[in-house]
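Engineer: Following this message is one structure expressed as structure tokens.
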Amino acid sequence: MQSINALPTQAPMQANTIELKDIHVPEQISNFPIAYGWWLLAAMIVFIAIITIIKMRKNAQRNQVKKQALIQLKNTPNLSINDTVALLKWAAMHYFSRTELAKLFGDSLQSFLTAQLPIKYQEKFTSLSKEAFINQYQSQKDEHNVPSSDSDFYHAAILWLTHALPPKPSKKIETNTDENMSSPLKKSQGVSA
Numbered sequence: 002m003q004s005i006n007a008l009p010t011q012a013p014m015q016a017n018t019i020e021l022k023d024i025h026v027p028e029q030i031s032n033f034p035i036a037y038g039w040w041l042l043a044a045m046i047v048f049i050a051i052i053t054i055i056k057m058r059k060n061a062q063r064n065q066v067k068k069q070a071l072i073q074l075k076n077t078p079n080l081s082i083n084d085t086v087a088l089l090k091w092a093a094m095h096y097f098s099r100t101e102l103a104k105l106f107g108d109s110l111q112s113f114l115t116a117q118l119p120i121k122y123q124e125k126f127t128s129l130s131k132e133a134f135i136n137q138y139q140s141q142k143d144e145h146n147v148p149s150s151d152s153d154f155y156h157a158a159i160l161w162l163t164h165a166l167p168p169k170p171s172k173k174i175e176t177n178t179d180e181n182m183s184s185p186l187k188k189s190q191g192v193s194a
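For what it's worth, the numbering used here labels the leading residue of the sequence shown as 2, then goes sequentially.
Right under this line is the structure:
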């Protein structure tokens, strides 16, 4: 009996009758050209980046005067009322009509500044600036009251510069109603609406 684990007898060595060629690995699959979807994604990312940079620059440019006014106000907290009013007017002239602002002073200026604020800050600004606008053109008789009105007006100026500038675009929707269309014509003809 032969052992089961025994190696089979080897056949005598034969000459290589089959000539084998070396194994060739196929070429690596290239990632190029990139699919169109990736090009579109890259173009969208570049476009969004450019738009973001442009908007950031416009925003920084738009807020430049506001920042300058706030820095000047914070660096010199003991400005007189007249100097603070001049600073507010200077900042407002960069955002609003110069011809309209040049005419304003006293109560009319206070009303204009108050109207530019969001509604929730208008009452606070009015209460802080009321005394300063009343005393603006009066001689300084009451010396102990002046610092408190200066301090209040300083806080009112910071409030106004922070929340009123730059102005938000107004959402005026003009509709062509009969009243809007015919009012100038009726007024020119002397007919009341």
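In this text, a Cβ means the ideal position worked out from N, Cα and C, and glycines have one as well.
Tell me, to the nearest whole angstrom, how far the beta carbon of L160 is from that of K67; I am working on the premise that it is less than 8 Å.
Structural biologist: 13 Å between Cβ atoms; not a contact.
Engineer: Kindly list the residues whose CB is nearer than 8 Å to the CB of P168, restricted to its own chain and excluding five residues on each side of it in sequence; keep chain order.
Structural biologist: Contacts found: Y96, F97 and Q117.
Engineer: Pairs of beta-carbons, one from the segment 120-137 and one from the segment 28-40, closer than 8 Å: are there three or more?
Structural biologist: With a cut-off of 8 Å, the segment 28-40 and the segment 120-137 do not count as touching, because too few Cβ pairs lie within range.
Engineer: Suppose the cutoff is 7 Å on Cβ atoms and the five residues either side in sequence are ignored; what does the same chain contact list for N64 look like?
Structural biologist: Excluding residues within five positions, the ones whose Cβ falls inside 7 Å are P167.
Engineer: Reducing DSSP to helix, strand and coil, say where A116 ends up.
Structural biologist: Here A116 sits in helix by DSSP.
Engineer: On a CA-only basis, which of L42, S109, Y155 and A165 is nearest K75? Give me that one, please.
Structural biologist: Nearest of L42, S109, Y155 and A165 to K75, Cα basis: Y155.
Engineer: Spatial neighbours of Q111 within its chain, please: C-beta separation below 8 Å, excluding the five flanking residues on both sides.
Structural biologist: Only T127, S130, K131 and F134 meet the Cβ criterion.
Engineer: Could you tell me which of L102, I24, A93 and P119 sits nearest to A70, measuring between CA atoms?
Structural biologist: When only C-alpha atoms are compared, the closest one is A93.
Engineer: Is it buried or exposed, D151, if we count other Cβ atoms within 10 angstroms and call 16 or more buried?
Structural biologist: Its Cβ being crowded by 16 or more others within 10 Å, D151 is buried.
Engineer: Suppose you measure from the CA of Y138 to the CA of Q73; what does that come to, to the nearest Å?
Structural biologist: When rounded, the distance between both Cα atoms is 23 Å.
Engineer: Beta-carbon separation of A158 and T77 under 8 Å?
Structural biologist: Result no, Cβ atoms of A158 and T77 do not sit closer than 8 Å.
Engineer: Using only the alpha-carbon positions, how far apart do P119 and P170 sit?
Structural biologist: Roughly 12 Å between the two C-alpha positions.
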